[in-house]
Structures are given as structure tokens and as C-alpha cells.
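In mature numbering (1 follows the signal peptide of the UniProt record, and there is no 0), the protein residues as written are -25 to -1, 1 to 426.
Cβ atoms here follow ideal geometry from the backbone N, Cα and C, with glycine treated the same way.
Listed below in C-alpha cells is the structure:
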């Protein structure tokens, strides 16, 4: 009979073997899920209408995560054609076959980013119907409040806390903030360490539709951030309205979570205007469109993602700067290298209008494209840096104002826009002339008259 010690050892060995077998049978532990959930593949651009009409941008470094960050304030986001990102708060149609969304993301080929006119749609799991309260005092954002209090004075804790109640409590201070649902703090120095808005998500104890910070996170209101009067060669013009479907600045667009005024000014150096919006978006333009209306500075109160001390617009609000250096107005080249200008045309990433050959260059000009497309009937320049050649042109024309990006290699020339081509057509060859041979001239001597 085995001893008690032997039996104990045998049981331990059996347990270890069973544990090892169980461990081999278990799947690898997956990484913590991202705060968004895929909804499926959807048709975009049906009847020439975008499925998502909110903010958008395109990038050759596109990933699902970068699009999620760009659309953090929206309920839905979608990635398309490998490099495009669109935001929306509504989704009003049904999904199609997942196989239609098969194009790899330009910034991560292991991810899928829709396809031509196909949108891979995700829902933001952190989206809440709760909103930050709109107050007369500008909202500055969500901040870290850990260790030493960022707003150290006049603490008020209340089970009926709201942003309005906190504002009244801090009437004699420059800044105030709500935290963890029921706390109110005041101070005269601005907070320093920003946190993502999604980390301030707790409902206020006195009104669950309002957001009142969270654990170690505080929503802060305070004096408006002053806009620098000069950034490089640009001077501050003011806070202006903007709309996703009718941009106030219609040139090139850039997105950077660490946006600064200097970055935007540099990106838009070929344009007369630049504007910053919602802390991370940069827009360029040769003109400030007529629909842009100036509004109070307090409506441009979101800080730049890359610098605390300056505002970078707000939702549908642009801090606009204008160049103090007189820039030449861009124009279409009338004729170049045997081509003449035709019109602004619609293009489609899923089926290019000009299919002969193409190049892309950060020094693109109309002349460069014309030389590249010699031998073709048409050429077109698009998105500031793209050139396409072809012998057939079947697309519809678009208003000239929709071809609104300047060439990256020549700021005085138009180079289309997103899905818009400035198209040139080969000039017809001069008809050949044929010389008709002349009959030889014969001189006949007449006989002289005699008397």
C-alpha cells in the first residue's frame, strides 16, 4: 500500500498533467478589445450621396484605430478604399456582403478598410447620449486630476450636482470643474494635463444627461484661450462657422491628434488661408467661402491637441488665419505642351475616369502631368499631387469651385481636389496641306507680221 506522502505526490503530479493539458486546449488570450465594435460592410455614395455626412479625412497611413480617434465624438465611423475615414451619429441602412469590404488599410495591411464605395462601419462603444453642459463660460475639456488637485479651492460635494450648480459655486474664480458625478472644484490657474474626452463619462448626480467627469478626471470650464495674433506669415482673422457639407476653406485637409497652429500654417503654406477645428483638424483655402460667418471668439474654445495655450476651433467652428504675404491667385493653365484646358470633372476612386497611366508627386504641376501624358488624348490633375492619363472621358463635369486644391509643386495652378479632376484635352492636329503640282509653262513665239 502506498504511503500517504506517495499518494499526495501522485495527486500533485496528476494535477500538474491535467493543468498542462487544459492550458494546451485553451485558445491564446486575445488582446483587450478596442472600444469600438464592427457593424458590417455598407454601400457608400449611392446616388452620389455619402452614407456618413460628418467630418472626414484621407491618409496613406489609415488604420481602424486612427479613424476611431478622429471620430471619437461621433457614434459611428467608417473606413473606405483603404485610406478614407468618415464620421456620423446615425446609421440608416442595412449591411451588404462582408466580402465587398476587402481592401487592406493603407496603414495596416492586416486590417480591412472597406473598398470602392464600400464602407466598413464601426460603432463607438464609448459613445454616450450624455453631453457636456453648454454654459456661458467656455468649455476647456477633460483633464487628469490625480495627486495635487488641478483646481484646489472651494470643494463642494452634492447629490444634486450639475455643471450649472458648480458654475454658481465658483462664481469668483477663473476656472471650475465637475468630477466623479458629485464634486465641484474651483481655481484661478488652468489645468495642465489633458485627457481624452471619452475618459470623462460619468453622469452628474443632479442630471444624468450631463457629464460630470469621472474618477480622477474633471470637466473644466474657464476663460477663453487667447488666439495668437500672428503665426509665421499668417495673421489671425477670427472664429468662423464651418459645415461638413459646405466647408469654409475648401483646399487641402490634414488631421493630427497633436495639432498645433504652427503645423497647420506649415501644411497650408501654399494657400492664403488656414483654419483649425475641433483640436485636431487643419483646413487650407485660397479664399474664405461666402457661407463662412464670423462668430464670438468664445465659440472657438477647444484647445489644440499639441499645445495647451491656443484654441483650435470647435465643432463646426474654425479659428481662421490669413497670409500677410500676397500670394498669387491660382488659375487653370489655358494651354500646355499640346493640351488645352477643358473643365473640372468628377472622378471615382473605385473606377478612375482616366485609366491610361498615373503618377503621384509632392512636386506635382500641370506641366509635369502634361509631359507625363504625352501621346494620350486627355490628362487630369487631382488632390494636389495626382496625375492621370487616358484616351476616353465619360464623367460628368463639376462646378469649377469644386476643383479647389492647388498643385503641390505650383501654388498658382489648380490641381483638382478629392474625387475632382482638372482635365486637359489634346489640341487637334492641324490639317495636313497638300501642294498641287503646277503644269509646266510653255512659251510659244508668234511669227512676226510682214508688210
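With 16 as the cutoff for other CB atoms within 10 Å, does residue i come out buried or exposed?
{"i": "residue 223", "result": "buried"}
{"i": "residue 304", "result": "exposed"}
{"i": "residue 266", "result": "exposed"}
{"i": "residue 167", "result": "exposed"}
{"i": "residue -1", "result": "With a pLDDT of 31 at residue -1, under the threshold of 50, the predicted position of this residue should be treated as unreliable, though the coordinate-derived value follows. So residue -1 counts as exposed."}
{"i": "residue 49", "result": "buried"}
{"i": "residue 290", "result": "exposed"}
{"i": "residue 205", "result": "exposed"}
{"i": "residue 85", "result": "exposed"}
{"i": "residue 402", "result": "exposed"}
{"i": "residue 122", "result": "exposed"}
{"i": "residue 380", "result": "buried"}
{"i": "residue 73", "result": "exposed"}
{"i": "residue 235", "result": "buried"}
{"i": "residue 189", "result": "buried"}
{"i": "residue 428", "result": "This structure cannot settle anything about residue 428, because the visible part of the chain is limited to -25 through 426."}
{"i": "residue 299", "result": "exposed"}
{"i": "residue 396", "result": "buried"}
{"i": "residue 130", "result": "exposed"}
{"i": "residue 158", "result": "buried"}
{"i": "residue 233", "result": "exposed"}
{"i": "residue 184", "result": "exposed"}
{"i": "residue 19", "result": "buried"}
{"i": "residue 343", "result": "buried"}
{"i": "residue 164", "result": "exposed"}
Going straight from the alpha carbon of residue i to that of residue j, what length do you get?
{"i": "residue 17", "j": "residue 239", "result": "33 Å"}
{"i": "residue 212", "j": "residue 333", "result": "39 Å"}
{"i": "residue 301", "j": "residue 151", "result": "43 Å"}
{"i": "residue 228", "j": "residue 209", "result": "17 Å"}
{"i": "residue 62", "j": "residue 51", "result": "6 Å"}
{"i": "residue 399", "j": "residue 377", "result": "16 Å"}
{"i": "residue 27", "j": "residue 191", "result": "34 Å"}
{"i": "residue 148", "j": "residue 108", "result": "19 Å"}
{"i": "residue 169", "j": "residue 278", "result": "10 Å"}
{"i": "residue 217", "j": "residue 350", "result": "43 Å"}
{"i": "residue 119", "j": "residue 153", "result": "12 Å"}
{"i": "residue 268", "j": "residue 246", "result": "20 Å"}
{"i": "residue 173", "j": "residue 92", "result": "30 Å"}
{"i": "residue 45", "j": "residue 87", "result": "17 Å"}
{"i": "residue 176", "j": "residue 146", "result": "24 Å"}
{"i": "residue 337", "j": "residue 141", "result": "51 Å"}
{"i": "residue 353", "j": "residue 21", "result": "28 Å"}
{"i": "residue 160", "j": "residue 70", "result": "47 Å"}
{"i": "residue -5", "j": "residue 76", "result": "With a pLDDT of 36 at residue -5, under the threshold of 50, the modelled position of that residue is not reliable, and the figure given next carries that caveat. Cα-Cα distance, rounded: 39 Å."}
{"i": "residue 241", "j": "residue 375", "result": "26 Å"}
{"i": "residue 231", "j": "residue 280", "result": "8 Å"}
{"i": "residue 272", "j": "residue 143", "result": "23 Å"}
{"i": "residue 219", "j": "residue 34", "result": "18 Å"}
{"i": "residue 221", "j": "residue 366", "result": "33 Å"}
{"i": "residue 394", "j": "residue 355", "result": "11 Å"}
{"i": "residue 315", "j": "residue 65", "result": "44 Å"}
{"i": "residue 237", "j": "residue 125", "result": "28 Å"}
With C-beta atoms as the reference, is residue i less than 9 Å away from residue j?
{"i": "residue 110", "j": "residue 139", "result": "yes"}
{"i": "residue 171", "j": "residue 43", "result": "no"}
{"i": "residue 90", "j": "residue 40", "result": "no"}
{"i": "residue 341", "j": "residue 311", "result": "yes"}
{"i": "residue 29", "j": "residue 95", "result": "no"}
{"i": "residue 113", "j": "residue 198", "result": "yes"}
{"i": "residue 117", "j": "residue 195", "result": "yes"}
{"i": "residue 200", "j": "residue 79", "result": "no"}
{"i": "residue 364", "j": "residue 331", "result": "yes"}
{"i": "residue 292", "j": "residue 264", "result": "no"}
{"i": "residue 295", "j": "residue 226", "result": "no"}
{"i": "residue 248", "j": "residue 297", "result": "yes"}
How close, in whole Å, do the beta carbons of residue i and residue j come, if the pair is a contact with beta carbons under 8 Å?
{"i": "residue 127", "j": "residue 156", "result": "Contact doesn't hold; Cβ gap of about 20 Å is too wide."}
{"i": "residue 31", "j": "residue 60", "result": "6 Å"}
{"i": "residue 12", "j": "residue 98", "result": "5 Å"}
{"i": "residue 105", "j": "residue 186", "result": "5 Å"}
{"i": "residue 36", "j": "residue 82", "result": "4 Å"}
{"i": "residue 320", "j": "residue 261", "result": "So it is not a contact: roughly 20 Å between Cβ atoms."}
{"i": "residue 339", "j": "residue 384", "result": "5 Å"}
Stretch-stretch touch, CB-based, cutoff 8 Å, three pairs: the region 247 to 261 with the region 323 to 332: no
Meets three-Cβ-pair contact criterion under 8 Å: the region 178 to 187 and the region 126 to 138: yes
Meets three-Cβ-pair contact criterion under 8 Å: the region 358 to 366 and the region 378 to 390: With a cut-off of 8 Å, the region 378 to 390 and the region 358 to 366 count as touching, because enough Cβ pairs lie within range.
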